[in-house]
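All residue numbers for the sequence shown refer to our numbering, where the first residue is 238 and numbers rise by one.
We put the CB at the ideal spot given by N, CA and C, even for glycine.
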Amino acid sequence: MNFLDPRILGEGWNHFLNSLGLSSGWIVLINGLVVTLILLGLGLTSVLFAVWLERKVAARVQDRLGPNRVGPYGLVQTVADALKLLTKEDITPDNAERISYNLAPGLAVFAVLMLLVVIPFGPGLVGADIDVGVLYIVAMGSVGIMAILMAGWSSNNKYALLGGFRAVAQLLSYEIPMILAMSVPVLFAGTMKMGELVERQAGFRWFGVVMPAAFFLYFLAALAENERTPFDLLEADSEIVAGYHIEYSAMKFAWFFLAFFLNTLILSAIATTLFLGGWRGPFVEQVPILGIFYFLAKSFVLVFAFMWIRATFPRLRIDQMMAFAWKVMVPTGLVLVLVAAVFAKLPVAPVVRDGLLFLVNIIILLVVAGFVGRHLRLQITRLSEA
238 MNFLDPRILG EGWNHFLNSL GLSSGWIVLI NGLVVTLILL GLGLTSVLFA VWLERKVAAR
298 VQDRLGPNRV GPYGLVQTVA DALKLLTKED ITPDNAERIS YNLAPGLAVF AVLMLLVVIP
358 FGPGLVGADI DVGVLYIVAM GSVGIMAILM AGWSSNNKYA LLGGFRAVAQ LLSYEIPMIL
418 AMSVPVLFAG TMKMGELVER QAGFRWFGVV MPAAFFLYFL AALAENERTP FDLLEADSEI
478 VAGYHIEYSA MKFAWFFLAF FLNTLILSAI ATTLFLGGWR GPFVEQVPIL GIFYFLAKSF
538 VLVFAFMWIR ATFPRLRIDQ MMAFAWKVMV PTGLVLVLVA AVFAKLPVAP VVRDGLLFLV
598 NIIILLVVAG FVGRHLRLQI TRLSEA
């Protein structure tokens with residue numbers, strides 16, 4: 238089964254390039270271009286499937302059929318929609334700040350695509366396994382916020398500007414608990430390299446199982462970062478029409494749409510890497526190519542969860558959303574980081590440490606759930622008395 242090992246395939250490819258008599262500089266350049274094309278192809282293909290899947294999931298929840306005309310089971314509907322957007326007229330508002338207005342859609346997609354570079358899709362399948370992979374993810378994630386703010390401000394539209402303001406408030410607020418949740422496995426493993434984080438979860442010692450509270454905190458923060466229900470206030474139709482991209486049409490709107498679904502996939506891939514063992518699974522050592530399928534399967538389970546929640550839950554008010562971030566998620570994240578730092582240095586057997594950490598995480602989840610439930614009951618009582 239060695240011929241199915243991506244690492245051996247990579248070594249064979251490098252040997253082929255060396256046999257052509259190319260210099261090391263040309264080999265690095267060619268490999269960079271090949272990796273870029275593979276990542277782009279994987280990302281765009283996944284988006285086509287994710288868009289179709291979301292429409293089918295939403296249709297199922299709402300007792301509809303969903304896409305069923307173009308291609309078998311409507312699988313080609315997304316391609317038809319993309320072609321439709323290509324043929325639409327590209328309209329730019331007269332009073333728009335044109336440079337920022339035109340740059341924002343491309344910047345939104347660029348910020349998400351750059352995150353693909355550090356994601357390990359399988360054994361040896363990572364664009365750049367840098368020492369500060371988690372920090373790189375945090376840094377590049379902030380670029381997308383700038384793109385949204387640019388789009389809202391440059392459109393010269395009050396609804397778009399409100400959407401941009403909400404982006405700064407929401408995304409920056411929920412980025413803090415997300416970073417805290419990502420810090421928990423980093424502290425526990427003692428590394429920020431994405432590949433090493435996967436290796437530390439060998440033997441089904443997934444951080445998401447050992448530290449379920451951290452995984453749940455990341456998942457909730459990812460919902461908000463991805464502008465998913467119940468945190469989709471950046472583009473709330475009933476309040477600010479379409480939010481920050483109200484003035485965009487044709488392919489510029491499609492770029493934002495692409496960034497939205499790419500972000501869903503990336504956030505799921507990051508969760509898979511940090512908390513669900515990445516590409517690890519049964520028989521990966523014997524058949525390494527299975528790692529790719531394990532990684533994609535875990536990621537798309539999370540993508541499905543995103544879609545199911547979006548089709549099911551109502552939207553929060555903006556004051557409720559901000560209060561939940563600062564009064565619940567940030568304090569919980571700080572407690573989890575402290576717990577992880579303490580348990581990482583405990584002089585006990587790994588099995589004992591993992592068991593104790595799991596119990597502490599369950600206790601934290603129960604305490605937080607009790608606090609939130611009590612607050613909700615008080616709110617209901619006040620409303621009934623008013």
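Report task. May I have the straight-line CA-CA distance separating L553 from W263, to the nearest angstrom? Result -> For this step, residue 553 is matched to residue 316 along the sequence shown. For this step, residue 263 is matched to residue 26 along the sequence shown. Rounded to whole angstroms, L553 and W263 show a C-alpha spacing of 53 Å.
Report task. Using beta-carbon positions only, say whether A577 and M448 come within less than 9 Å of one another. Result -> Walking along the sequence shown from the start, residue 577 turns up at place 340. Walking along the sequence shown from the start, residue 448 turns up at place 211. In this structure, M448 lies closer than 9 Å to A577 by Cβ.
Query raised in the report: When burial is assigned at 16 or more other CB atoms within 10 Å of the CB, is Y310 buried or exposed?
Result: Numbered from its first residue, the sequence shown carries residue 310 at position 73. Per the 10 Å Cβ criterion, exposed.
Query - Runs of alpha helix (DSSP H) lying entirely within the region 528-581, each at least 4 residues, in chain order - result: If we require 4 residues or more, the alpha helix (DSSP H) runs fully inside the region 528-581 come out as 555-561 and 567-581.
**Report entry** Backbone CA spacing between G278 and F543 [nearest angstrom]
**Finding:** Locating residue 278 in the sequence shown gives position 41, where the first residue counts as 1. Locating residue 543 in the sequence shown gives position 306, where the first residue counts as 1. Distance between the alpha carbons of G278 and F543: 23 Å.
Requested in this report: Run the CB neighbour count on A459, radius 10 Å, all protein chains shown included, and call it buried at 16 or more, exposed below.
Outcome: Position 222 of the sequence shown holds residue 459. By the 10 Å Cβ count, A459 comes out buried.
Query raised in the report: What do you reckon, are the CB atoms on G438 and G514 nearer than 9 Å?
Result: Counting from 1 along the sequence shown, the entry for residue 438 is found at position 201. Counting from 1 along the sequence shown, the entry for residue 514 is found at position 277. It should be noted that the sequence gives Gln, not Gly, for residue 438. Yes; because the gap between Cβ atoms is below 9 Å, this pair is in contact.
Query raised in the report: Roughly how many whole angstroms lie between the Cα atoms of A348 and F494?
Result: Position 111 of the sequence shown, counting from 1, holds the residue named residue 348. Position 257 of the sequence shown, counting from 1, holds the residue named residue 494. Those two C-alpha atoms are separated by around 14 Å.
Report task. Just confirm the distance between the C-beta atoms of M387 and L511, as a whole number of angstroms; I'd bet it's less than 8 Å. Result -> Here residue 387 corresponds to residue number 150 of the sequence shown, with the count starting at 1. Here residue 511 corresponds to residue number 274 of the sequence shown, with the count starting at 1. Rounded, the Cβ-Cβ distance is 29 Å, inconsistent with contact.
Requested in this report: Assign L302 to one of three DSSP states: helix, strand, or coil.
Outcome: By 1-based counting over the sequence shown, the position of residue 302 is 65. In the structure shown, L302 sits in coil (DSSP, three-state: anything other than H, G, I, E or B).
Query raised in the report: Looking at F532 and A506, is the spacing between their C-beta atoms short of 9 Å?
Result: The residue labelled residue 506 in the question sits at position 269 within the sequence shown. The residue labelled residue 532 in the question sits at position 295 within the sequence shown. Contact: yes.
Requested in this report: Taking S392 as part of the alpha helix (DSSP H), name the residues at either end of that continuous run.
Outcome: Looking up residue 392 in the sequence shown gives position 155. Run containing S392: none; DSSP gives neither H nor E here.
Query raised in the report: With 16 as the cutoff for other CB atoms within 10 Å, does T501 come out buried or exposed?
Result: Along the sequence shown, read from residue 1 onward, the residue named residue 501 stands at position 264. Per the 10 Å Cβ criterion, buried.
Query raised in the report: Are R605 and F580 touching if we call contact CB-CB under 9 Å?
Result: Within the sequence shown, residue 605 is the residue found at index 368, counting from 1. Within the sequence shown, residue 580 is the residue found at index 343, counting from 1. A small correction: the amino acid at residue 605 is Val; Arg does not occupy that position in the sequence shown. Taking 9 Å as the Cβ cut-off, V605 and F580 do not qualify as a contacting pair.
Query - In DSSP terms, what G359 is bridged to - result: By 1-based counting over the sequence shown, the position of residue 359 is 122. G359 is bridged to L362.
Query raised in the report: Buried or exposed: R611, going by 16 or more other Cβ atoms within 10 Å of its Cβ?
Result: Translated into the one-based positions of the sequence shown, residue 611 becomes position 374. Residue environment analysis places R611 among the exposed positions, since fewer than 16 neighbouring C-beta atoms fall within 10 angstroms of its C-beta.
Query raised in the report: Considering only the beta carbon of each residue, do I275 and A397 sit closer than 9 Å?
Result: Counting from one through the sequence shown, the residue named residue 275 turns up at place 38. Counting from one through the sequence shown, the residue named residue 397 turns up at place 160. Contact: no.
Query raised in the report: Can you tell me whether DSSP reads R437 as helix, strand or coil?
Result: Locating residue 437 in the sequence shown gives position 200, where the first residue counts as 1. Residue state, collapsed to three classes: coil.
Report task. Inspect the beta-carbon positions of E462 and L408 and report whether they are closer than 9 Å. Result -> Taking the first residue of the sequence shown as 1, we reach residue 462 at position 225. Taking the first residue of the sequence shown as 1, we reach residue 408 at position 171. Between E462 and L408, the C-beta gap is smaller than 9 Å, which places the two residues in contact.
Query raised in the report: Applying the criterion that 16 or more other CB atoms from any shown protein chain within 10 Å of the CB defines a buried residue, is A562 buried or exposed?
Result: Walking along the sequence shown from the start, residue 562 turns up at place 325. Burial call: buried.
Query raised in the report: Beta carbon of A345, beta carbon of A319: below 9 Å?
Result: As a first step, residue 345 is located in the sequence shown; it is residue number 108 there, counting from the start. As a first step, residue 319 is located in the sequence shown; it is residue number 82 there, counting from the start. No, Cβ-Cβ distance for A345 and A319 is not below 9 Å.
Query - Whole-number beta carbon distance between I601 and T549, since they are thought to touch under 8 Å - result: The residue labelled residue 549 in the question sits at position 312 within the sequence shown. The residue labelled residue 601 in the question sits at position 364 within the sequence shown. For T549 against I601, the beta-carbon gap comes to about 26 Å, at or over 8 Å, which does not count as contact.
Query raised in the report: In whole angstroms, what separates the C-alpha of P467 from that of I555?
Result: Taking the first residue of the sequence shown as 1, we reach residue 467 at position 230. Taking the first residue of the sequence shown as 1, we reach residue 555 at position 318. Here the alpha carbons of I555 and P467 stand approximately 10 Å from one another.
Report task. Could you spell out where the alpha helix (DSSP H) holding R335 opens and where it closes? Result -> Translated into positions along the sequence shown, residue 335 becomes position 98. From DSSP, the alpha helix (DSSP H) with R335 extends over R335 to L350.
Query - Backbone secondary structure at G518 - three-state DSSP - result: To locate residue 518, count along the sequence shown from 1; it is residue 281. G518 sits in coil when the DSSP states are folded into three classes, being neither helix nor strand.
Requested in this report: Quick one: residues in its chain with C-beta nearer than 7 Å to the C-beta of I546, no 5 flanking neighbours on either side, listed in chain order?
Outcome: Residue 546 sits at position 309 when you count from the first residue of the sequence shown. Within the same chain, L460, R465 and T466 come within 7 Å of I546 by CB-CB distance, once the 5 residues on both sides are set aside.
Query raised in the report: Taking the continuous alpha helix (DSSP H) assigned at I601, which residues delimit it?
Result: Taking the sequence shown and counting its residues from 1, one reaches residue 601 at position 364. Here the alpha helix (DSSP H) through I601 covers P587 to E622.
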